[in-house]
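Q:
Number of protein chains: 2
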Amino acid sequence: MYAGLAYDLIYNSLTPAERKTIEDGAFKPEVDFVTKDLKTWFDLIHNHGVWACAGVGIVGIATGNKDYVDMALYGTEKNGRSGFIAQLNGLFSPDGYYTEGPYYVRYAILPYYIFAGALNNARPELKIFQQRNSILKKALEAALQQTNIDGAFLPVNDAIKEKDFTSNEIVTAINIAWNVYGKDTGLLAVAAKQGTVLLNRGGASIAAELAMARTGSKYYPYKTVEYVDGANGDEGGISFLRVGKGEDLTSLTFKYASHGLSHGHYDRLGMFLFDKGNEVFQDYGSVRFVGVEQKYGGRYLPENKLYAAQTIAHSTIVADEKSHFDGKEDAAEKFHGEKFFSSASNPAVQVVSAKEKNAYADIDLHRTLYLLQLPRGKRLVVDLFHVISPNQHQYDLPFQYNGQIINTSFKYKAATTSQTTLGKKNGYQFLWKEAEAELKDTLAQFTFLNGKTYYTLSSLIDGDAQLFFTRSGANDPNFNLRREPSYIIRKNGKSQTFANVIEIHGKFDPVREFSSNAYPTVKNIRLIYNDEKYTVAEVQLGRDTLTIAQSNNESGTNVKHAVTVAGKTYQWSGPFTVLLNNKVLK
Amino acid sequence: MYAGLAYDLIYNSLTPAERKTIEDGAFKPEVDFVTKDLKTWFDLIHNHGVWACAGVGIVGIATGNKDYVDMALYGTEKNGRSGFIAQLNGLFSPDGYYTEGPYYVRYAILPYYIFAGALNNARPELKIFQQRNSILKKALEAALQQTNIDGAFLPVNDAIKEKDFTSNEIVTAINIAWNVYGKDTGLLAVAAKQGTVLLNRGGASIAAELAMARTGSKYYPYKTVEYVDGANGDEGGISFLRVGKGEDLTSLTFKYASHGLSHGHYDRLGMFLFDKGNEVFQDYGSVRFVGVEQKYGGRYLPENKLYAAQTIAHSTIVADEKSHFDGKEDAAEKFHGEKFFSSASNPAVQVVSAKEKNAYADIDLHRTLYLLQLPRGKRLVVDLFHVISPNQHQYDLPFQYNGQIINTSFKYKAATTSQTTLGKKNGYQFLWKEAEAELKDTLAQFTFLNGKTYYTLSSLIDGDAQLFFTRSGANDPNFNLRREPSYIIRKNGKSQTFANVIEIHGKFDPVREFSSNAYPTVKNIRLIYNDEKYTVAEVQLGRDTLTIAQSNNESGTNVKHAVTVAGKTYQWSGPFTVLLNNKVLK
């Protein structure tokens with residue numbers, strides 16, 4: 057690809073003989089190799105195929121070889137079943153989500169944009185940038201929406217957390233997009249942080265715009281977005297619920313997508329939470345030190361599959377200490393999560409509910425995450441996680457909290473003079489057991505500090521449960537893992553509901569030496585009604601009562617529901633309602 | 057103090073009767089209480105006494121009570137043996153170092169500046185700001201020099217690492233200093249980060265200066281500074297060796313001061329290193345969550361004395377798993393380290409050598425730290441640490457590295473499925489033993505990554521040694537400690553020399569996915585001569601040879617030395633010489 061671009065630049069200064077030498081001697085063997093010897097690979101609808109098509113296509117444009125360009129566009133058979141157009145159609149979901157996740161769309165977007173930019177000049181009649189409702193615009197916007205306020209790509213699947221939108225691939229995409237899709241103040245905020253432009257029309261225009269130094273927003277215009285997965289948009293999806301502005305952004309990621317190819321993790325219905333730019337409930341990301349030769353040449357380390365991809369490294373249910381799909385990629389690839397319902401039209405109540413019925417043979421998973429903005433500024437996540445099974449299982453729900461433990465409402469037994477692992481396989485062997493507790497019929501509260509904010513996880517413990525504080529780093533003789541903590545709620549039984557509330561509260565100011573609102577306001581969590589049809593949860597918040605009623609099997613937006621609990625009837629239409637002191641929360 | 061300031065503001069609006077009510081009814085009982093009932097406490101030369109004198113003095117000025125002001129200035133007996141002037145003379149060293157360290161000078165400086173500011177108006181003839189060669193100016197400058205480039209106070213003794221120079225005490229001091237000592241562009245950089253001023257002359261002038269928005273330096277003008285400790289400057293000291301500018305500042309702290317009163321740590325000849333704003337070899341600081349009620353009301357936690365103050369939590373020698381002075385404050389207070397020599401006039405070779413003869417009954421400690429700027433930008437710290445004893449001991453030299461382990465030159469045995477503590481007391485009980493190695497006659501190299509820079513510690517292992525990788529967090533049932541790593545070199549014997557080289561090298565760029573100079577250039581370390589009189593160390597750096605020759609018992613700057621090793625004679629004058637390929641390094 058790059059050689060084709062370079063050849064184009066010097067074409068006019070070459071003699072016909074020189075051109076023949078290069079075209080026949082260099083390009084032809086290469087093109088033949090990838091389109092004939094590697095024909096099957098070239099015709100795959102795959103990430104690598106995009107690079108191959110972009111290369112052959114750009115060489116075709118640079119050398120005036122229509123045959124090359126046609127193969128690049130429509131596959132070696134030129135029937136459109138493969139090639140670049142098919143890749144545009146097949147590798148993104150209809151709204152621009154890339155199944156491997158944002159870390160990898162960053163990588164894949166470069167050949168798409170470069171070849172499309174070349175086609176836009178050479179074959180304007182293709183209107184390549186308008187292809188599939190401007191899928192390349194959607195892909196770029198989706199990539200940017202899937203970043204943290206510091207520009208780092210959110211750690212979905214294999215991801216290096218330090219990678220951000222200043223990477224050259226995104227610089228290139230933005231500079232081309234600016235030219236073909238028009239000016240966009242959102243992109244300008246990103247370009248300002250990139251601090252570099254390409255020497256093309258878009259780049260020059262961005263530089264001129266930035267030089268005018270109008271005070272634009274410091275941040276990309278992050279908003280709540282929900283993406284479907286799969287080429288046809290029918291393979292589940294991923295939601296990013298957001299509330300707040302600027303530095304005060306809260307972002308809740310909820311993943312119910314397909315596996316994500318070879319870079320996927322076994323994290324169906326997993327969540328992670330960023331707040332004020334900090335990863336508060338984290339996703340480990342990948343175990344890889346890219347560009348560090350001493351760490352296995354910078355490649356993925358064995359612990360990536362053995363730990364980071366396993367379910368226990370995420371914040372979702374693990375049954376019987378086995379990962380989803382038993383950690384088998386081919387099994388995981390066959391299925392995807394399914395959104396049950398979602399709503400983001402009321403900024404005070406954003407919610408996504410999704411189900412996963414295939415991660416375990418006899419267990420259905422159904423999780424609903426509510427991101428609530430209460431009056432007077434408080435934000436809560438209410439997490440209702442049903443596991444439904446006719447059989448007895450052990451269920452672990454880990455929360456990958458990130459911070460310093462400040463307080464717990466319960467007593468636990470800490471490992472003081474010796475420490476052992478939580479388990480023996482499926483990622484458990486990498487976790488040191490720092491402390492454990494046995495609880496029964498209570499509210500378990502755990503407060504930690506991350507940055508200058510307090511976070512409390514309040515958990516309904518109905519019946520018996522065990523709690524664990526763990527830390528990664530066991531069975532890690534090469535020190536490949538970071539030492540990260542986790543808080544795990546374990547229950548045994550058939551069907552179970554895990555009801556948890558994450559409360560963002562207070563402020564810690566070590567310079568001025570005070571804390572405000574350092575204690576949680578959640579006083580109690582009750583499931584006042586809970587069966588296969590409905591769940592009604594009541595959360596006591598100081599003197600306020602928050603009530604969430606949801607349908608568990610009927611997601612129609614106009615369907616009316618009524619549940620009577622102890623003589624009181626809750627009525628609502630659509631899949632859910634959220635009440636504060638008996639009034640609909642708005 | 058604050059009530060006196062407030063009274064002064066409303067004085068003119070009060071009737072004589074109202075004044076009498078306040079002065080007789082409120083101030084007099086308070087002043088009588090602290091100057092009569094608490095006479096002994098009021099007359100102490102101590103931090104708390106400064107607050108007491110400032111309070112009584114300011115009330116005296118506000119009420120026109122000469123008696124109060126005189127007691128505040130000269131003590132209850134008005135003989136000058138106590139009171140504010142005596143405190144100015146007794147609580148700082150002659151060059152403005154405050155024995156408790158920078159975190160606490162930040163606290164103490166407020167009443168000094170407020171009372172001095174009031175005296176400057178009320179009794180200008182005292183020339184209080186010129187007292188003791190402008191000691192208050194020196195104290196403020198020393199406080200600021202003892203910060204990191206992000207403004208955080210360097211963690212000497214008990215220190216909350218988040219505390220920085222935006223604290224209100226430093227705002228007040230700078231705003232007053234600006235008025236009495238004149239404009240100072242260094243202070244302006246600090247004021248800009250503070251983002252707030254007092255409503256006084258200095259504050260208004262600073263605000264006006266900042267509003268003119270001339271592009272000043274982003275950073276306080278950090279430089280190499282060395283402070284003596286003790287009121288007379290004869291109780292050891294502390295050195296901050298610095299090289300580099302702006303964000304690229306390397307700061308090496310070497311402490312050979314007195315104990316530091318009740319907030320001191322048992323860390324004689326301890327070091328820590330900041331580079332590019334990051335703490336690369338850290339000091340734990342204090343175990344305290346200030347302002348966090350759940351953590352023992354925000355007070356110092358038990359682990360502060362039990363772990364953070366202990367020698368093993370620092371980067372200096374621990375003999376026989378016992379802290380310096382057996383961890384006893386009264387014993388530690390009796391002695392101080394002694395500077396043997398230092399030199400900072402050659403920016404390529406900065407060095408401090410200090411001795412401590414009382415930390416252990418039969419062991420002398422002598423450490424010399426060289427901060428070297430080599431041609432082509434590389435920076436090294438060469439650390440020659442002699443322990444001298446006629447008796448057999450176990451010596452541990454910990455390095456509190458901060459980062460991700462990337463590589464070691466040696467094999468070690470990691471704790472994989474279970475983990476135990478390194479020891480049972482004196483801080484050792486808080487360390488999990490993550491890995492250990494047995495080495496003999498070799499060079500042990502250990503590379504870690506902190507931020508985007510590689511750091512390698514290269515250690516001469518002459519004879520037998522053990523190495524440990526540890527992590528804090530054992531015996532910590534309340535999760536009061538951060539989980540921090542340490543690398544410990546253990547030797548057994550009588551006198552020993554620990555020769556270590558810290559190399560700052562390379563760059564890790566996870567966005568662009570490359571590393572440069574990720575491997576150390578140190579190939580070998582040899583002590584080609586080493587006895588009670590001289591040490592000659594040779595460090596092989598790729599194809600270059602660095603030679604350091606020092607006198608161990610003669611620090612005179614004009615004394616000539618000669619050492620012959622294998623027929624080659626090294627000659628120099630003054631306590632040391634540093635050669636690169638046989639030429640003096642400049």
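Each protein sequence line maps, in turn, to chains A and B.
Counting in this note's numbering, the first sequence runs from 57 upward without gaps.
Counting in this note's numbering, the second sequence runs from 57 upward without gaps.
Every residue, glycine too, gets a C-beta built ideally from N, C-alpha and C.
What residue range is occupied by the uninterrupted alpha helix (DSSP H) comprising Ser190 (chain B)?
A: Gln187 to Gln201
Q: Between Trp488 (chain B) and chain A, is any beta-carbon pair separated by less than 9 Å?
A: yes
Q: Considering Cα atoms alone, identify which of A:Tyr275, A:Ser314 and A:Ile184 is closest to Glu385 (chain A).
A: A:Ser314
Q: Buried or exposed: which applies to Gln627 (chain B), given that a residue is buried once 16 or more other Cβ atoms fall within 10 Å of its Cβ?
A: exposed
Q: Which residues does DSSP pair with Asp331 (chain A) in a beta bridge?
A: A:Thr306 and A:Asn334
Q: Verify the CB distance criterion: does Val578 (chain A) have a CB-CB separation below 9 Å to chain B?
A: Judged by the 9 Å Cβ criterion, Val578 (chain A) is not in contact with chain B.
Q: Helix, strand or coil: which one does DSSP assign to His617 (chain A)?
A: Collapsing the DSSP output to three states places His617 (chain A) in a strand.
Q: Beta strand (DSSP E) containing Gly293 (chain A): first to last residue?
A: Gly293 to Val299
Q: If I follow the unbroken alpha helix (DSSP H) through Thr75 (chain A), where does it start and stop?
A: It is worth fixing the name first, because residue 75 (chain A) is Arg in this sequence and not Thr. Its alpha helix (DSSP H) spans residues Pro72 to Ile78.
Q: Quickly, what does DSSP pair Lys311 (chain A) with across the bridge? List them, please.
A: A:Ile294 and A:Gly326
Q: Could you work out which residues of chain B lie near Glu492 (chain A), taking near to mean beta carbons separated by less than 7 Å?
A: Correct list: empty, because the minimum Cβ distance to chain B is about 12 Å.
Q: Mind listing which residues of the segment 326-353 of chain B have their C-beta closer than 7 Å to chain A's C-betas, in chain order?
A: Val346, Gly347, Val348, Glu349, Gln350 and Lys351
Q: Which two residues bound the contiguous alpha helix (DSSP H) that contains Thr241 (chain A)?
A: Thr241 to Gln250
Q: In terms of DSSP beta bridges, what is Trp628 (chain A) paired with?
A: A:His617
Q: What residue from A:Phe345, A:Glu335, A:Asn556 and A:Pro454 has the CA that sits closest to Gln366 (chain A)'s CA?
A: A:Pro454
Q: Rounded to the nearest angstrom, what separates Phe337 (chain B) and Thr512 (chain B) at their Cα positions?
A: 11 Å
Q: Please say whether Gly341 (chain B) and Ile216 (chain B) have beta carbons closer to each other than 9 Å?
A: yes
Q: For Glu265 (chain B), does the three-state DSSP call read helix, strand or coil?
A: Looking at Glu265 (chain B) - three-state DSSP - the assignment turns out to be helix.
Q: On the DSSP letters alone, give me the boundaries of the alpha helix (DSSP H) that Ala142 (chain A) sits inside.
A: Start and end: Phe140 to Gly146.
Q: Counting only beta-carbon atoms, is Val212 (chain B) nearer than 9 Å to chain A?
A: no
Q: Okay, do the segment 552-571 of chain A and the segment 539-559 of chain B touch, 3+ Cβ pairs below 8 Å being the bar?
A: no
Q: Below 7 Å CB to CB, which residues in the same chain sit around Pro167 (chain A) once its five sequence neighbours on both sides are set aside?
A: Non-local C-beta neighbours of Pro167 (chain A) in its own chain, meaning closer than 7 Å and more than five positions away in sequence, comprise Met57, Val106, Trp107 and Ala110, ordered along the chain.
Q: Give the DSSP bridge partners of Asn458 (chain B), in chain order.
A: Within the DSSP secondary-structure output, Asn458 (chain B) pairs in no beta bridge.
Q: So what does Arg546 (chain A) bridge to, in DSSP terms?
A: A:Asp452 and A:Gln522
Q: Please check if any C-beta of chain B sits within less than 9 Å of the C-beta of Tyr58 (chain A).
A: no
Q: Just mark Asn580 (chain B) as buried or exposed, buried being the case when its beta carbon has 16 or more other beta carbons within 10 Å.
A: Asn580 (chain B) comes out exposed.
Q: From the DSSP output, read off the bridge partner residues of Asn402 (chain A).
A: A:Val405
Q: Gly302 (chain B) to Ile560 (chain B), Cα distance in whole Å?
A: 17 Å
Q: Do Val592 (chain A) and Gln606 (chain A) have their C-beta atoms within less than 9 Å of each other?
A: yes
Q: For the alpha helix (DSSP H) that Glu225 (chain B) lies in, which residues bound it at each end?
A: Asn224 to Tyr237
Q: Check for me: the beta strand (DSSP E) holding Ile101 (chain A) runs from which residue to which?
A: It is not in any beta strand (DSSP E) - Ile101 (chain A) carries neither H nor E in the DSSP assignment.
Q: Taking Cβ-Cβ distances shorter than 7 Å, what residues in chain A pair up with Asn463 (chain B)?
A: Gln350
Q: Indicate whether Leu192 (chain B) and Leu182 (chain B) have their beta-carbon atoms separated by less than 9 Å.
A: no
Q: To the nearest angstrom, how far is the alpha carbon of Asp80 (chain B) from that of Glu133 (chain B)?
A: 22 Å
Q: Is it buried or exposed, Lys351 (chain B), if we count other Cβ atoms within 10 angstroms and call 16 or more buried?
A: buried
Q: For the beta strand (DSSP E) containing Ile581 (chain B), list its first residue and its last residue.
A: Val578 to Asn586
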